[in-house]
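Visitor: Note that the protein sequences, when read in sequence, are chains S and E. Position 22, counted from 1, in the first sequence is what my numbering calls 55; the numbers after and before it change by one each time, with no gaps. Position 160, counted from 1, in the second sequence is what my numbering calls 189; the numbers after and before it change by one each time, with no gaps. By construction, the Cβ of each residue, glycine as well, lies at the ideal position given by its N, Cα and C atoms. Can you read through this structure? Questions will come right after.
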Amino acid sequence: MILAFIEHKNGILNKTSLEAITAAQTLAKDLGLRASAVIPCDEDRGLAREIAQYDLEKVIVARNPKLNVYTPDAWADAWTEVIKKENPQYVVMAHTYQVRDFAPKVAARFEREVLADVIRYRKENGHLVFTRRIFLGKLDADVVLQGDAPHFVTFQSGAFRADKAEKGNADEEIIDVEVGEVRMTPEEPFQEAKASVDLTKSEIIVAVGRGIKSQENIALAQQLADVLGGDLAASRPICDAEWLPIDRQIGSSGQTVAPKLYIALGISGAIQHVVGMKNSQTIVAINKDPEAPIFDIADYGIVGDLFEAVPVMIEEIKKVKGN
Amino acid sequence: MKIVVLMKQVANKDAVLRIRSDGKWIEEADVAMQTNESDGYALEEALRLKEAKGEGEVVVCSLGGASAKAVIKDALARGADRAIHILVEESYKLSPYQTAKIIAEAIKDEQADLIFTGLQSDDVGYGQTGVILAELLGIPHATIVIEVDRSSLNGTLRVKRELESGWYQWFKYRLPALFTIQSGISQIRYATLQGIMKAKSKPVKEIQATIPEFPSAQKIEKIYLPLKTKQTQLLGNGDAKRGAIELVEKLRTEVRVL
Chain S
34 MILAFIEHKN
44 GILNKTSLEA
54 ITAAQTLAKD
64 LGLRASAVIP
74 CDEDRGLARE
84 IAQYDLEKVI
94 VARNPKLNVY
104 TPDAWADAWT
114 EVIKKENPQY
124 VVMAHTYQVR
134 DFAPKVAARF
144 EREVLADVIR
154 YRKENGHLVF
164 TRRIFLGKLD
174 ADVVLQGDAP
184 HFVTFQSGAF
194 RADKAEKGNA
204 DEEIIDVEVG
214 EVRMTPEEPF
224 QEAKASVDLT
234 KSEIIVAVGR
244 GIKSQENIAL
254 AQQLADVLGG
264 DLAASRPICD
274 AEWLPIDRQI
284 GSSGQTVAPK
294 LYIALGISGA
304 IQHVVGMKNS
314 QTIVAINKDP
324 EAPIFDIADY
334 GIVGDLFEAV
344 PVMIEEIKKV
354 KGN
Chain E
30 MKIVVLMKQV
40 ANKDAVLRIR
50 SDGKWIEEAD
60 VAMQTNESDG
70 YALEEALRLK
80 EAKGEGEVVV
90 CSLGGASAKA
100 VIKDALARGA
110 DRAIHILVEE
120 SYKLSPYQTA
130 KIIAEAIKDE
140 QADLIFTGLQ
150 SDDVGYGQTG
160 VILAELLGIP
170 HATIVIEVDR
180 SSLNGTLRVK
190 RELESGWYQW
200 FKYRLPALFT
210 IQSGISQIRY
220 ATLQGIMKAK
230 SKPVKEIQAT
240 IPEFPSAQKI
250 EKIYLPLKTK
260 QTQLLGNGDA
270 KRGAIELVEK
280 LRTEVRVL
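Written out as C-alpha cells, the structure reads:
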C-alpha cells in the first residue's frame, strides 16, 4: 500500500494534498499497489468524505483530541501508529512546511529518512529513480532508495497536478490513535502583513522584478493583474526594497507557486526565483535582455520593453473580455 | 545554559560548479567554500540568546573534512566559546540519517539545553538532519524558526515558526529542544579583530567519526545540469507592442485564460 498525507487546517484541505494523492496514485499504478489517504484530526469535519471521492482504497481518519491543532509530536505519534498498522511500501507527502517539520521525525522512528523535495521520478529496470534539485537548483540529482519499506518521499509543489487526481469511491476508516506527551504548546497562527494573500492558491500571477525600475511603476503591473483577475507577486529585490510586502515574494525565501499562468515582468530568472515558480503551467517572460535565464523556462517570451508591452496587453485583454 | 550550534561548510553560493567525471558529485577542489547561510544565522541567534541571558556557553559543532576548520575558526571569532570538529572526509556521501547519527554520538554527552542549526544546507538540501537528530536524542524540535523570544528563556523558550503564505505561529518549548533557524532571523555580526585573536586560544575538540551502517540510505546515482524542457515561443520579433498583441491572442486561444 501507498499512504498519502492529507494536510488541512481545521478541516480545510491544503490543495497540495491533492498533488500527494496524484503522486500516490501514480506510484501505485507503477508498482502494482493501491493508494490510501491519511487524515490526522480531532474530529472529521467532512474532509474524509471529500477525499473519499478520489480513487483510493480507503481514507484513514487518524483521530485523537490532541490532533485539534498541529504539533510535530502529535502528528508523529499519529503517523507512527498508522504506519505500524498499515505497513505501507511508501508514504507520500507534499513537501510543505508542515511536512518538513514532522516527516523526518516519523521516518527516524522507523530508522528511515525522507527522500525530500522530489521533482519527478521514473521507472528504470524495475526500480524507481527519483530526481531532486541540489545546490539551490543549479544541479539535478538522480537518487535511488535502498533498504526495506516503508519509504518516505515528499514531492515538490507542482511535481504532480492536483487536477490529475483520479476520482473514485473510497471507504472511510476511523482509527482512534494514541498520542503521547506533546512537548510543545502552540499559540494561534497569525498573519504578519495585513491583506496577506496566499499566492499558492492563485490561478494567475503577474510578478515583477528589478526591471520594473521604481515603486510607482508597480501600479502598471497591478493593472495587468487586475484585468486578468490575478494576483501581484515579486522577486526578492522588490520585497527587500519594500516596494511590495514580503508575503508577495516568490522564490526560495518566499512562496512556491504553480499557477495556471505566470507572467514575469522584468525578472531575469535567478535560480532563487525560478525554484518558486518553475512549475507554473504556462510561463510568460517579458524582458529587455534576450540572454535572461527566465527565457529558458518560458513558454512565451517578449524580448523588449515591458513599459511598451504591458499597456498594450491591458487594452487588448479589456477588448477580449468586453466581448 | 549550553547551546550547541551545528554548522556545515558548503560550496559558495555563486560558485561555478563542475561535475566530476564519474557524474556522482562536483569537483570540490575547484570550489570556494563558505558557511551554510542559515547555519550562520543559527550561530548569531545562539550568541544573542547567551548575551540576553548573561551567561552560558555556545559550542559550535561541524561535521566535515579538514577544510571545515575555516567554518569553526570563523564561528569562534564571532563569539562561540569552543568547538567540536567531527572529521569526515567526503561527507557528501553521508545520508541525513547517518549524519544525524554521527552528530548524536558526538554531542550527546554535552547535555545541551538548546541545539540550533540552519533549516537546510545549500548543497544537498536534505532539510532533515536536525529533525532526525532531535528524535535520536529524544528531545522536541521546531523547524523554520524565524524569531526567538529571548526574554521568555526560563527552562522553556518561545519560538516563532514561519508557516506558508505569510502565516506565523509561536510555540512554547520545554528545554532541552532543537530548533532549525531560517535565514534572515537577525543581522549577522562581523568578527572583530579582538574576536579573531581570541579564537586562536579557544579549544577545538577533534573527533574521528566512524560511519554507521545504514541500509536505508538514499543514494545519489548521478548529478547533471537541469534539462531545458521548454520551447519558448518568442513573440513580436523585437517589437514589444506587437508582441503584446500576439501574446494576448495566445492567452486566449492556447493558454485559455481569457
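#1: Taking M126(S) as part of the beta strand (DSSP E), name the residues at either end of that continuous run.
#2: In chain order, what residues of the stretch 146-161 of chain S put their CB closer than 8 Å to some CB of chain E?
#3: Can you name the residues of chain S whose CB is closer than 7 Å to the CB of P169(E)?
#4: Could you tell me if the beta carbon of E235(E) falls within a distance shorter than 7 Å of some heavy atom in the ligand GTP?
#5: Identify the contact partners of Q216(E) in chain S, using a Cβ-Cβ distance below 7 Å as the criterion.
#6: From which residue to which residue does the beta strand (DSSP E) around R271(E) run?
#7: Are the C-beta atoms of K354(S) and some chain E residue less than 8 Å apart?
#8: Fully enclosed by the stretch 67-152 of chain E, which alpha helix (DSSP H) runs are 4 residues long or longer?
#9: Enumerate in chain order the residues of its own chain whose CB-to-CB distance from V343(S) is below 6 Å, with the five nearest sequence positions on each side excluded.
#10: Give me the residue from D332(S), M34(S), T218(S) and G299(S) with the minimum Cα distance to V284(E).
#11: How would you write the range of the alpha helix (DSSP H) that E114(S) sits in, first residue to last?
#12: Between K81(S) and V92(S), what straight-line distance do the alpha-carbon atoms span, to the nearest angstrom?
#13: Does any residue of chain S bring its CB to less than 8 Å from the CB of Y155(E)?
#14: Please decide whether T261(E) counts as near chain S, where near means a Cβ-Cβ distance under 8 Å.
#15: Pick out whichever of L66(S), A61(S) and N47(S) has its Cα sitting closest to the Cα of I72(S).
#16: Please give me, in chain order, every unbroken run of the alpha helix (DSSP H) with length at least 4 that falls completely inside the stretch 259-294 of chain S.
#17: For L148(E) and E90(S), I'd like the C-alpha separation in whole angstroms.
#18: From the beta carbon of A141(S), is the nearest beta carbon of chain E less than 8 Å away?
#19: Applying the 10 Å Cβ sphere with the 16-neighbour rule, what's the burial state of D181(S)?
#20: How about P222(S): is its C-beta nearer than 8 Å to some C-beta of chain E?
#21: Which residues in the same chain have their Cβ closer than 6 Å to the Cβ of A228(S), if we skip the five residues on either side of it in sequence?
#22: Evaluate K269(E) with the Cβ neighbour count: other Cβ atoms within 10 Å of its Cβ, from every protein chain shown; 16 or more gives buried, anything less gives exposed.
#23: Return the bridge partner residues of E191(E) from the DSSP annotation.
#24: Checking the sheet assignment: what are the DSSP bridge partners for N183(E)?
#25: If we call anything under 8 Å between Cβ atoms a contact, is T104(S) one with P219(S)?
#26: Measure the C-alpha to C-alpha separation of T59(S) and A68(S) and round it to an integer number of angstroms.
#27: Tell me, please, whether the stretch 78-93 of chain E touches the stretch 30-45 of chain E by the rule of three or more beta-carbon pairs shorter than 8 Å.
#28: Name the chain S residues that come within less than 9 Å of F200(E), Cβ to Cβ?
#29: Determine the burial state of T128(E): buried for a count of at least 16 other Cβ atoms within 10 Å of its Cβ, exposed for fewer.
#30: If distances are taken between C-alpha atoms only, which option among E199(S), G299(S) and I116(S) comes closest to P326(S)?
#31: I need the DSSP call for M217(S), collapsed to helix, strand or coil.
#32: Can you find a C-beta in chain E that's less than 8 Å from the C-beta of A111(S)?
#33: So, at 6 Å on beta carbons, what are the nonlocal neighbours of A246(E) in its own chain, with the 5 sequence-adjacent residues on each side left out?
#34: So for T158(E), helix, strand or coil by DSSP?
#35: What does T172(E) reach in chain S if we use C-beta pairs closer than 7 Å?
#36: Any C-beta of chain S sitting closer than 8 Å to the C-beta of I131(E)?
Guide: Walking through what the data contain:
#1: Taking the first residue of the first sequence as 1, we reach residue 126(S) at position 93. Residues Y123 to A127.
#2: E146, V147, L148, A149 and D150
#3: Here residue 169(E) is taken as the residue at index 140 of the second sequence, counted from 1. Simply D106, R216 and M217.
#4: Looking at this structure, you won't find the ligand GTP or any other ligand, since it has none at all.
#5: Counting from one through the second sequence, the residue named residue 216(E) turns up at place 187. Those do not exist, as Q216(E) stays about 14 Å from chain S at its closest Cβ, beyond 7 Å.
#6: Taking the first residue of the second sequence as position 1, residue 271(E) is located at position 242. Not the beta strand (DSSP E): R271(E) falls in the alpha helix (DSSP H), residues A269 to T282.
#7: To locate residue 354(S), count along the first sequence from 1; it is residue 321. Taking Cβ atoms only, chain E reaches closer than 8 Å to K354(S), which makes this a yes.
#8: 98-107 and 125-136
#9: For the purposes of this step, residue 343(S) is taken as the residue at position 310 of the first sequence. Closer than 6 Å at Cβ, skipping near neighbours: L253 and L257.
#10: As a working mapping, residue 284(E) is identified with position 255 in the second sequence. Cα-wise, what sits closest to V284(E) is D332(S).
#11: Residue 114(S) sits at position 81 when you count from the first residue of the first sequence. Counting along the chain, the alpha helix (DSSP H) containing E114(S) begins and ends at P105 to E119.
#12: For the purposes of this step, residue 81(S) is taken as residue 48 along the first sequence, with counting starting at 1. For the purposes of this step, residue 92(S) is taken as residue 59 along the first sequence, with counting starting at 1. The sequence shown places Ala at residue 81(S), not Lys. C-alpha separation (whole angstroms): 6 Å.
#13: As a first step, residue 155(E) is located in the second sequence; it is residue number 126 there, counting from the start. At least one chain S Cβ lies under 8 Å of Y155(E).
#14: The count along the second sequence starts at 1 and reaches residue 261(E) at position 232. At least one chain S Cβ lies under 8 Å of T261(E).
#15: Taking the first residue of the first sequence as position 1, residue 72(S) is located at position 39. The option with the nearest alpha carbon to I72(S) is N47(S).
#16: 269-273
#17: Numbered from its first residue, the second sequence carries residue 148(E) at position 119. Numbered from its first residue, the first sequence carries residue 90(S) at position 57. So the alpha carbons of these two residues sit roughly 36 Å apart.
#18: The residue given as residue 141(S) occupies position 108 in the first sequence. So yes, A141(S) belongs to the interface.
#19: Within the first sequence, residue 181(S) is the residue found at index 148, counting from 1. The residue is exposed, with fewer than 16 neighbouring Cβ atoms inside 10 Å.
#20: The sequence position of residue 222(S) within the first sequence is 189, counting from 1. Yes, because at least one Cβ of chain E sits closer than 8 Å to the Cβ of P222(S).
#21: Start at 1 with the first residue of the first sequence, and residue 228(S) comes out as number 195. For A228(S), the predicted model reports a pLDDT of 48, less than 50, meaning its position is unreliable; a value from the coordinates is still stated below. Taken in chain order, the list of residues that qualify is empty.
#22: Taking the first residue of the second sequence as 1, we reach residue 269(E) at position 240. In the sequence as presented, Lys is not what sits at residue 269(E); that position holds Ala. It is buried - the Cβ of A269(E) has at least 16 other Cβ atoms within 10 Å.
#23: The count along the second sequence starts at 1 and reaches residue 191(E) at position 162. Paired residues: Y197(E).
#24: In the second sequence, counting from the first residue as 1, residue 183(E) sits at position 154. Answer is none; N183(E) lacks a bridge partner.
#25: Working through the first sequence from its first residue, we reach residue 104(S) at position 71. Working through the first sequence from its first residue, we reach residue 219(S) at position 186. Yes, Cβ-Cβ distance for T104(S) and P219(S) is below 8 Å.
#26: For this step, residue 59(S) is matched to residue 26 along the first sequence. For this step, residue 68(S) is matched to residue 35 along the first sequence. Going from the Cα of T59(S) to the Cα of A68(S) covers about 9 Å.
#27: yes
#28: As a working mapping, residue 200(E) is identified with position 171 in the second sequence. T104, M217, T218, P219 and E220, listed in chain order.
#29: Position 99 of the second sequence holds residue 128(E). It counts as buried.
#30: Position 293 of the first sequence, counted from the start, is the residue given in the question as residue 326(S). The residue with the shortest Cα to Cα distance from P326(S) is G299(S).
#31: Sequence index remark: in the first sequence, residue 217(S) carries index 184 (1-based). Three-state DSSP puts M217(S) in a strand.
#32: The sequence position of residue 111(S) within the first sequence is 78, counting from 1. Chain E, which has no Cβ nearer than 8 Å to the Cβ of A111(S), makes this no.
#33: For this step, residue 246(E) is matched to residue 217 along the second sequence. Within the same chain, A246(E) has close Cβ partners S124.
#34: Taking the second sequence and counting its residues from 1, one reaches residue 158(E) at position 129. Residue state, collapsed to three classes: helix.
#35: Against the second sequence, residue 172(E) aligns to sequence position 143. Simply R133 and D134.
#36: Numbered from 1 along the second sequence, position 102 holds the residue referred to as residue 131(E). Not one chain S Cβ lies under 8 Å of I131(E).
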